[in-house]
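Chains as they are written, first to last, in full-length UniProt numbering: chain V, 1 to 286; chain G, 1 to 242.
Shown next, in the form of C-alpha cells:
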C-alpha cells in the first residue's frame, strides 16, 4: 500500500524521534510476531514454513543427495522462487545471491562429509508465497528453521574408503538419522540475515512495508556464531515508494548496527530455537 | 525385479486400499487470511497443495478486462522439491500450461462470472508435494479457495482420478499406479452426475469407460461431502467467533 504525502510525513516524523515511535509500537530491536511449523514434508530432509503477521510467508525445503566430493564444487545449492516475480528478475537474483554467499561463508561443511570420497549435497529451495516488505529476513529465518530440523540418514558403511571402491550404505531406520547439529557434535546454529532500516540517527530491526517507504537507507547484517558477520551491505528498501528520501550512510550507523546485532540477535535465535522445541511435530502444515 | 503388483488377487492395491477407496483426504480453508481473499490447503494422500485466490479485483491491464464477465487466470507453480527426486521445472513447461488451461476452462464455466463484470480473479496454485492426482488436487484446492473468497459458483467442483487396471477400475491413483495404467481425471458438479472437467491423456477401451467413469463420479461425490464438511465447520467456527 502506498502512503499519501501526509501519511509519509507523519510516519517519518515519528520515526526520526529519539527513541523512534513505530506504528505497531515495537521497540527498535524487535521483529514482528511470526508463526512457524517445521518438518511437514515427508519427502524432504527438512522443511519449514514461516509467516509474519502481515501475511508474508515463506516455505523452505532441504533435500540431500550423496555426491562425490571431488566432482562437486559446492555442497550447498540455494534456490529462491518468489510468487509474482520471474526467476531471472533482478529482485530474485539478488535474494539468491545474498543467501548463497551467506551460507557459503558461514556453514560447517565438515558436517556434510560422509567418507573420504563422498559427501552430502544440500539443496535448499525457498518459496516466497507472498511478501510485503523485503523478504530476505523471513527467508533466512525459514532456512534457519529448516536446516535446524534437517535430518540426514546414518552411514553404516566404512568411513575410510580411500583404497577400496565402496558405495556408501545407510541405515534403514529413520530413528538413527542425525540432525546437522548432532553430526558436527556442537550446537549448530545456521546463519541468519537481519534487515535494518536507517532513519535519522536510529536503526530499526525488521522494518515493515510502511516503514520501508520512508527509510533513508537500509542495512543487511548477517549473524552467525554469536556475532555479526559478513556479508554486510546496504540496500535501498524504499523500492515501492515513488518518492523516496534515500540518503547516504554514516559510518557510525554501521558500527551501531553491528553492536545492535551483537546485542539482540542472540535473542531472536533463541526465540527461533524455542519455536522448534514447541512444535508438536505432527507433520501438519497449518 | 518383478513388476510391482498393483492389484493383488485378494483385491488389495499397493498401499492396501480396495478398488473403490479414496486416499486420506484432508482440507482446510481460510489458511491465509491476511495475504489473500480466499485460500485453501488440500492433502490428497501424499499430495499437498496450497491455493490462494485474489479478487474479484480491478484488472491491472485493460486487455484483462471483459465488460460482460469476470476474467479468470490461473497460475500454477510446482515446487522443485515436490517429487522424490528434486527436479527444476519451468513455469512454461508444456504439461503445466496444459493443466493451467484445463483448470481455467473448468472454473470459467463453474463461476457465475456474469455477476462480476469488468473484474479479474487470480487463482494461484502452489504444489508442495505430489503423489498422483495432481490435476484433481489442484482443482479441489481451487474450488475451496473460491468458496472461501465468497465468489459465487453454481456448485462444488469435486475432482478425483480413476484408472483401469486389466479390467478392474481403481479409484484415486497414486504415482506408482498412475505410471502404470491408463487413467482419467474428472470434476463432478455438486451432487449431480454432470462433469465440469474430464481429462484422459491415454487410451481406454470404450466398453470399460463407463464403469471407470461411474466409479470416479461416486468418488467425486465423496470428495464433495468431505469438502462440504470442512466448509460448514469453518463457517460455524467463524459465526461463533463473531
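Ideal Cβ placement from N, Cα and C applies to all residues, glycine included. Computed from a prediction, not measured in an experiment: that's the story for all the values here.
Within 8 Å, strictly: CB atoms of residue i and residue j
i	j	result
residue 58 of chain V	residue 206 of chain V	no
residue 164 of chain G	residue 181 of chain G	yes
residue 75 of chain V	residue 122 of chain V	yes
residue 146 of chain V	residue 47 of chain V	yes
residue 137 of chain V	residue 194 of chain V	yes
residue 128 of chain G	residue 185 of chain G	no
residue 57 of chain G	residue 143 of chain G	no
residue 72 of chain G	residue 113 of chain G	yes
residue 325 of chain V	residue 226 of chain V	For residue 325 of chain V there is no data in the structure shown, the boundaries of chain V being 1 and 286.
residue 22 of chain G	residue 241 of chain G	no
residue 140 of chain G	residue 42 of chain G	yes
residue 126 of chain G	residue 52 of chain V	no
residue 152 of chain V	residue 198 of chain V	no
residue 84 of chain V	residue 32 of chain G	no
Whole-angstrom distance between residue j and residue i, CA atom to CA atom
i	j	result
residue 232 of chain G	residue 160 of chain G	21 Å
residue 203 of chain V	residue 107 of chain V	28 Å
residue 11 of chain G	residue 186 of chain V	52 Å
residue 149 of chain V	residue 69 of chain V	24 Å
residue 103 of chain G	residue 74 of chain G	7 Å
residue 1 of chain G	residue 192 of chain G	Its pLDDT being 41, under 50, residue 1 of chain G is placed unreliably by the model, and the measurement read from it follows with that caveat. Answer to the nearest angstrom: the Cα atoms are 45 Å apart.
residue 119 of chain V	residue 47 of chain G	30 Å
residue 287 of chain V	residue 262 of chain V	There is simply no residue 287 of chain V to check, as chain V begins at 1 and stops at 286 in what is shown.
residue 43 of chain V	residue 3 of chain V	43 Å
residue 111 of chain V	residue 139 of chain V	22 Å
residue 23 of chain V	residue 211 of chain V	8 Å
residue 192 of chain V	residue 141 of chain V	6 Å
residue 212 of chain G	residue 5 of chain G	20 Å
residue 68 of chain G	residue 116 of chain G	8 Å
Neighbour list for residue i in chain G, Cβ cutoff strictly below 9 Å
i	result
residue 59 of chain V	50, 79, 126 and 128
residue 139 of chain V	The contacting residues do not exist; residue 139 of chain V stays about 15 Å from chain G at best.
residue 95 of chain V	Within chain G, no residue comes near residue 95 of chain V; the closest Cβ sits about 16 Å away, beyond 9 Å.
Within chain V, partners of residue i - CB distance below 9 Å
i	result
residue 24 of chain G	The contacting residues do not exist; residue 24 of chain G stays about 12 Å from chain V at best.
residue 8 of chain G	What residue 8 of chain G touches in chain V: nothing, since even the nearest Cβ is about 24 Å away.
residue 41 of chain G	285 and 286
Enclosing alpha helix (DSSP H) for residue i [first to last residue]
i	result
residue 92 of chain V	90 to 105
residue 7 of chain V	5 to 16
residue 275 of chain V	251 to 278
residue 235 of chain G	206 to 241
Proximal residues of chain G, C-beta to C-beta of residue i below 8 Å
i	result
residue 92 of chain V	Near residue 92 of chain V there are no residues of chain G at all, since even the closest Cβ is about 13 Å away, more than 8 Å.
Interface flag, residue i vs chain B, CB-CB below 8 Å
i	result
residue 213 of chain V	Chain labels in this structure do not include chain B; the protein chains are V and G.
Where the beta strand (DSSP E) containing residue i begins and where it ends
i	result
residue 164 of chain G	157 to 165
residue 234 of chain V	227 to 235
residue 68 of chain V	57 to 68
residue 56 of chain G	47 to 57
residue 147 of chain G	It is not in any beta strand (DSSP E) - residue 147 of chain G instead sits in the alpha helix (DSSP H) that spans 134 to 148.
residue 95 of chain G	Here residue 95 of chain G belongs to no beta strand (DSSP E); instead the alpha helix (DSSP H) covers 94 to 110.
residue 121 of chain V	118 to 130
Partner residues on chain V for residue i, Cβ-Cβ distance less than 8 Å
i	result
residue 34 of chain G	53, 54 and 55
residue 20 of chain G	The premise fails here: residue 20 of chain G is roughly 26 Å from chain V at the closest Cβ pair, so nothing lies under 8 Å.
Per-residue contacts from residue i into chain V (C-beta, under 7 Å)
i	result
residue 84 of chain G	43
Interface partners of residue i on chain G, CB under 7 Å
i	result
residue 125 of chain V	79, 80 and 81
Next on the checklist: Short of 8 Å Cβ to Cβ, which residues in the segment 155 to 177 of chain G face chain V?
Outcome noted: Taking 8 Å as the Cβ-Cβ cut-off against chain V, none of the residues of the segment 155 to 177 of chain G qualify.
Next on the checklist: Along the segment 62 to 84 of chain V, where does the CB come closer than 9 Å to a CB of chain G? Name the residues.
Outcome noted: Those residues of the segment 62 to 84 of chain V that come within reach of chain G (Cβ to Cβ, closer than 9 Å) are 62, 63, 65, 79, 81, 83 and 84.
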